[in-house]
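Peer 1:
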Amino acid sequence: MLPADWKADLANPASVDLTLPVLELIRRSTTRLPQDVIEALVAFRNREAEGSRAANTLDTMLENVTLADENVAPLCQDTGTLIFWVRHPFGFSQRVLKQQVRKAVAEATAKSWLRPNCVESLSGRNPGNNMDPFGETHPVVHFEEHEGPGIEISIMQKGGGCENVGAQYRLPDVAIGAGRDLGGVRKCIIDAVTKAQGQGCSPGILGVAIGGDRVTGYERSKEVILRKLGTPNPDPKLDAFERQLTEELNSLGIGPMGYGGLTTVLGVNVSEMWRHPASFYVSISYMCWSSRRMDLVIEPSGNAVYR
Amino acid sequence: MKKIITPISEAVIRELKVGDEILLNGKVVLSRDIGHKFMVEKKPEWLKPILEEAVIYHCGPVVARQADGSWTFVSAGPTTSIREEPYQADVLETYNVRGVIGKGGMGKKTSDGLRKAGACYFHATGGAGALLAERVKRVVDVKMLEEFGSPEAFWIIEVEDFPLVVTMDSHGGSLHEEVANTSQARAKELMAAR
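If you read the protein sequences in the order shown, they are chains A and B. According to this note's numbering, the first sequence holds residues -11 to 295 in order. According to this note's numbering, the second sequence holds residues 207 to 400 in order.
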């Protein structure tokens, strides 16, 4: 745990060591489900028929949430691909910050808070510490210099099962009859969720990016999952779309773990991007119900706050 | 809820139907992607007594090594099973396995294999890693740890009252197929609406 008197001197970037607060960020995100996700699970559980397999399954999930927190055990054994977003003020070295993030990841793995999930692609060789030796591909760290005086770090643990059911569509898509408009986007989302069934550990949370290129669309589709469930989309048109989609997807009857039921998704988060006139991508990232994400903020005072 | 204890006889398996909720007790062997490829391509003799009338679990656990060298499971939920579809039926037959635990269900080839071998597909709650690890009473042994890494090694464990739902039985029944059919019909309806 982070010592109570830990403080960063942001006026002196060279002195700032984020290893400990990032380690604590990993400990919390791996063992504690965000409050908004817990509340959504409870709300949807109360809509399922008493004694149904769907209600029992949601109860098991909620029991797991309590146990993981109490035992400081990972909520899910698949602690995922680790994705970090670091936003920092002018003057910080991204190379140094990355070294600190990597050190925290290796230490969290040694403490069994993380499963060693990083393997060499062709041989399957596992270095055992969640780090590719070249510092290029795992953990994933996105950097951005921002205006704010503090440092913000978001983490997402993206499991393999839910990653495998993500999808990217190129509109128009003749096979599903999707044109280049919001109606077409809607068809892509319905198609992706129907194909995912229970393989992505439903009820899932969807991140959708409309537009962009193949890379930036997928990137954005993950980043929008960071938005808390129940917070409105800043674009009123997309906000209404998200609500409608959530309702429609929950009428598919896939249910928790694909056993049938009223709860197939907990929410849909959509973001619109600019695009090349010739390309219209819809990128969909599926997040399992165990949506592990958390923010660490190093305030201008130097204090570390988790939320 | 019915208690099932390993070794499981074929007669016990034949009584189970889709939708049954059970509590599993006894020996379970973890295996996933590399393990299944290995089992089918190499058919190692040493694995046969380990898997005889036992249950395979598609799981890559988070483990912790204790000071005395023993292992404990910290988090151990199921991984997606469909990746093992090319191998599963062969594995059931070669090793006389009575069940497979996983999530998401499997396809036609495995369903045929379950019918032929007298085995069931058991579904565990995905993501419930902390809860399921508590039902692991003992880590008996681990094989191929160095070669495969901890998420993919053959962990041999004993479980107590491990909660499962039969979603594919030995008579060709599949809850996954049923749900897929109804959800696909509904998706078609939704897509036709506009």
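Glycine included, C-beta positions come from ideal geometry on N, C-alpha and C. Note that this is a predicted model, so its numbers are computed, not measured.
Who are the neighbours of Leu229 of chain B on chain A, taking C-beta pairs under 8 angstroms?
Peer 2: Working through the second sequence from its first residue, we reach residue 229 of chain B at position 23. What Leu229 of chain B touches in chain A: nothing, since even the nearest Cβ is about 13 angstroms away.
Peer 1: Any beta-carbon of chain B closer than 8 angstroms to the one on Gln87 of chain A?
Peer 2: Here residue 87 of chain A refers to the residue found at position 99 when the first sequence is read from its first residue. Taking Cβ atoms only, chain B never reaches closer than 8 angstroms to Gln87 of chain A, which makes this a no.
Peer 1: Check Gln187 of chain A in the structure and name its three-state DSSP category.
Peer 2: What you label residue 187 of chain A is simply residue 199 of the first sequence in a count that begins at 1. Coil at Gln187 of chain A, not helix or strand.
Peer 1: Could you check where the alpha helix (DSSP H) with His382 of chain B kicks off and where it finishes?
Peer 2: One-based indexing of the second sequence puts residue 382 of chain B at position 176. Note, His382 of chain B: alpha helix (DSSP H), Leu381 to Ala398.
Peer 1: Looking only at DSSP bridge pairs, what is His329 of chain B linked to?
Peer 2: Within the second sequence, the letter at position 123 stands for residue 329 of chain B. B:Gly308 and B:Val371, per the DSSP bridge assignment.
Peer 1: Assuming Ala228 of chain A is part of the alpha helix (DSSP H), what are its boundary residues?
Peer 2: For this step, residue 228 of chain A is matched to residue 240 along the first sequence. From DSSP, the alpha helix (DSSP H) with Ala228 of chain A extends over Pro224 to Leu237.
Peer 1: I'd like to know whether the C-beta atoms of Asn152 of chain A and Arg215 of chain A end up nearer to each other than 8 angstroms.
Peer 2: Position 164 of the first sequence holds residue 152 of chain A. Position 227 of the first sequence holds residue 215 of chain A. No.
Peer 1: Any idea what DSSP makes of Ser271 of chain A, helix, strand or coil?
Peer 2: Residue numbering aside, residue 271 of chain A sits at position 283 when the first sequence is read from its first letter. In the displayed model, Ser271 of chain A falls within a strand according to three-state DSSP.
Peer 1: In the DSSP assignment, what are the bridge partners of Glu364 of chain B?
Peer 2: By 1-based counting over the second sequence, the position of residue 364 of chain B is 158. According to DSSP, which records beta bridges pairwise, Glu364 of chain B is partnered with B:Lys233 and B:Arg344.
Peer 1: Looking at the C-beta of Val246 of chain B, does it have a partner C-beta in chain A at a distance below 8 angstroms?
Peer 2: Walking along the second sequence from the start, residue 246 of chain B turns up at place 40. Cβ-Cβ to chain A under 8 angstroms: no for Val246 of chain B.
Peer 1: By the criterion of Cβ-Cβ separation under 7 angstroms, what are the contact partners of Glu340 of chain B in chain A?
Peer 2: Counting from one through the second sequence, the residue named residue 340 of chain B turns up at place 134. Chain A residues near Glu340 of chain B: Leu55.
Peer 1: Check whether the Cβ of Gly324 of chain B lies closer than 8 angstroms to any Cβ atom in chain A.
Peer 2: As a working note, residue 324 of chain B is residue 118 in the second sequence. So, not an interface residue.
Peer 1: Please list, in chain order, the residues of the region 276 to 288 of chain B that have any C-beta partner in chain A closer than 7 angstroms.
Peer 2: Val280, Ser281, Ala282, Gly283, Thr285, Thr286 and Ile288
Peer 1: Quick one: measure Cβ to Cβ for Leu370 of chain B and Ile288 of chain B, integer angstroms, because I've assumed they're closer than 8 angstroms.
Peer 2: In the second sequence, the residue the question calls residue 370 of chain B occupies position 164. In the second sequence, the residue the question calls residue 288 of chain B occupies position 82. Their Cβ separation, rounded to whole angstroms, is 18 angstroms, which puts Leu370 of chain B and Ile288 of chain B out of contact at 8 angstroms.
Peer 1: Verify the CB distance criterion: does Met374 of chain B have a CB-CB separation below 8 angstroms to chain A?
Peer 2: Position 168 of the second sequence, counting from 1, holds the residue named residue 374 of chain B. No, no contact with chain A.
Peer 1: Under 8 angstroms, do Pro77 of chain A and His130 of chain A count as touching if we go by C-beta distance?
Peer 2: Indexing the first sequence from 1 puts residue 77 of chain A at position 89. Indexing the first sequence from 1 puts residue 130 of chain A at position 142. Pro77 of chain A is not a Cβ neighbour of His130 of chain A, given a cutoff of 8 angstroms.
Peer 1: Output needed in chain order: residues of the region 63 to 79 of chain A with a Cβ under 9 angstroms from some Cβ in chain B.
Peer 2: Leu63, Cys64, Gln65, Asp66 and Thr67
Peer 1: By the three-class DSSP mapping on this structure, what secondary structure does Ala258 of chain B have?
Peer 2: Counting from 1 along the second sequence, the entry for residue 258 of chain B is found at position 52. In the sequence on display, residue 258 of chain B carries Glu and not Ala. If DSSP states are grouped into helix, strand and coil, Glu258 of chain B belongs with coil.
Peer 1: Using the Cα positions of Gly149 of chain A and Lys223 of chain B, report the straight-line distance between them to the nearest angstrom.
Peer 2: Counted from its first residue, the first sequence places residue 149 of chain A at position 161. Counted from its first residue, the second sequence places residue 223 of chain B at position 17. Each residue's alpha carbon lies about 27 angstroms from the other.
Peer 1: Can you name the residues of chain C whose CB is closer than 7 angstroms to the CB of Asn152 of chain A?
Peer 2: Among the chains of the structure shown, chain C does not appear; the protein chains present are A and B.
Peer 1: I need the straight-line Cα distance from Gln23 of chain A to Thr69 of chain A, nearest angstrom please.
Peer 2: Residue 23 of chain A sits at position 35 when you count from the first residue of the first sequence. Residue 69 of chain A sits at position 81 when you count from the first residue of the first sequence. Whole-angstrom Cα-Cα distance: 22 angstroms.
Peer 1: Residues in its own chain within less than 6 angstroms of Val143 of chain A by CB, not counting five upstream and five downstream?
Peer 2: Position 155 of the first sequence, counted from the start, is the residue given in the question as residue 143 of chain A. In the sequence on display, residue 143 of chain A carries Ile and not Val. Cβ neighbours of Ile143 of chain A beyond the five flanking positions: Leu13, Ser17, Phe72 and Met282.
Peer 1: Mapping the DSSP letters down to three states, classify Ala(-1) of chain A as helix, strand or coil.
Peer 2: Residue mapping note: residue -1 of chain A aligns to position 11 of the first sequence, counting from 1. Ala(-1) of chain A falls in the coil class under three-state DSSP.
Peer 1: Could you pull out every residue in the same chain whose Cβ sits closer than 6 angstroms to the Cβ of Asn34 of chain A, ignoring the five residues on either side in sequence?
Peer 2: Position 46 of the first sequence, counted from the first residue, corresponds to residue 34 of chain A. Here the set comprises nothing.
Peer 1: Does the distance from the C-beta atom of Ser209 of chain A to that of Gly218 of chain A stay below 8 angstroms?
Peer 2: As a position in the first sequence, residue 209 of chain A is number 221, starting the count at 1. As a position in the first sequence, residue 218 of chain A is number 230, starting the count at 1. Cβ atoms of Ser209 of chain A and Gly218 of chain A: not closer than 8 angstroms.
Peer 1: Once DSSP output is grouped into helix, strand and coil, what is the label at Ile286 of chain A?
Peer 2: As a first step, residue 286 of chain A must be located in the first sequence, where it is residue number 298. Three-state DSSP puts Ile286 of chain A in a strand.
Peer 1: Relative to chain A, which residues along the region 350 to 374 of chain B have a C-beta separation below 8 angstroms, given in chain order?
Peer 2: Phe354, Gly355, Ser356, Pro357, Glu358, Pro369, Val371 and Thr373
Peer 1: What are the residues that DSSP puts in a beta bridge with His319 of chain A?
Peer 2: This structure cannot settle anything about residue 319 of chain A, because the visible part of chain A is limited to -11 through 295.
Peer 1: Flag this pair as yes or no: are the beta carbons of Ala339 of chain B and Phe279 of chain B separated by less than 8 angstroms?
Peer 2: What you label residue 339 of chain B is simply residue 133 of the second sequence in a count that begins at 1. What you label residue 279 of chain B is simply residue 73 of the second sequence in a count that begins at 1. With contacts defined by Cβ atoms closer than 8 angstroms, Ala339 of chain B and Phe279 of chain B form a contacting pair.
Peer 1: Who are the Cβ neighbours of Arg295 of chain A in its own chain at under 6 angstroms, not counting the five residues just before and after it?
Peer 2: For this step, residue 295 of chain A is matched to residue 307 along the first sequence. Asp283.
Peer 1: I'd like the list of long-range same chain contacts for Asn117 of chain A, defined as Cβ closer than 6 angstroms, with 5 residues on each side in sequence excluded.
Peer 2: Here residue 117 of chain A refers to the residue found at position 129 of the first sequence. Here the set comprises Ala94 and Thr97.
Peer 1: Tell me which same chain residues have a C-beta within less than 8 angstroms of the C-beta of Asp161 of chain A, skipping the five on either side of it?
Peer 2: For the purposes of this step, residue 161 of chain A is taken as residue 173 along the first sequence, with counting starting at 1. Gly172, Lys175 and Cys176.
Peer 1: Could you compute how far the alpha carbon of Ala391 of chain B sits from the alpha carbon of Pro244 of chain A?
Peer 2: Looking up residue 391 of chain B in the second sequence gives position 185. Looking up residue 244 of chain A in the first sequence gives position 256. Those two C-alpha atoms are separated by around 18 angstroms.
Peer 1: Leu229 of chain B and Leu55 of chain A look like a contact to me (Cβ under 8 angstroms); what is the Cβ gap, rounded to whole Å?
Peer 2: Working through the second sequence from its first residue, we reach residue 229 of chain B at position 23. Working through the first sequence from its first residue, we reach residue 55 of chain A at position 67. The pair is not a contact, with the Cβ atoms about 17 angstroms apart (cut-off 8 angstroms).
Peer 1: In angstroms with no decimal places, state the Cα-to-Cα distance between Lys349 of chain B and Pro250 of chain B.
Peer 2: Position 143 of the second sequence, counting from 1, holds the residue named residue 349 of chain B. Position 44 of the second sequence, counting from 1, holds the residue named residue 250 of chain B. Here the alpha carbon of Lys349 of chain B sits roughly 12 angstroms from the alpha carbon of Pro250 of chain B.
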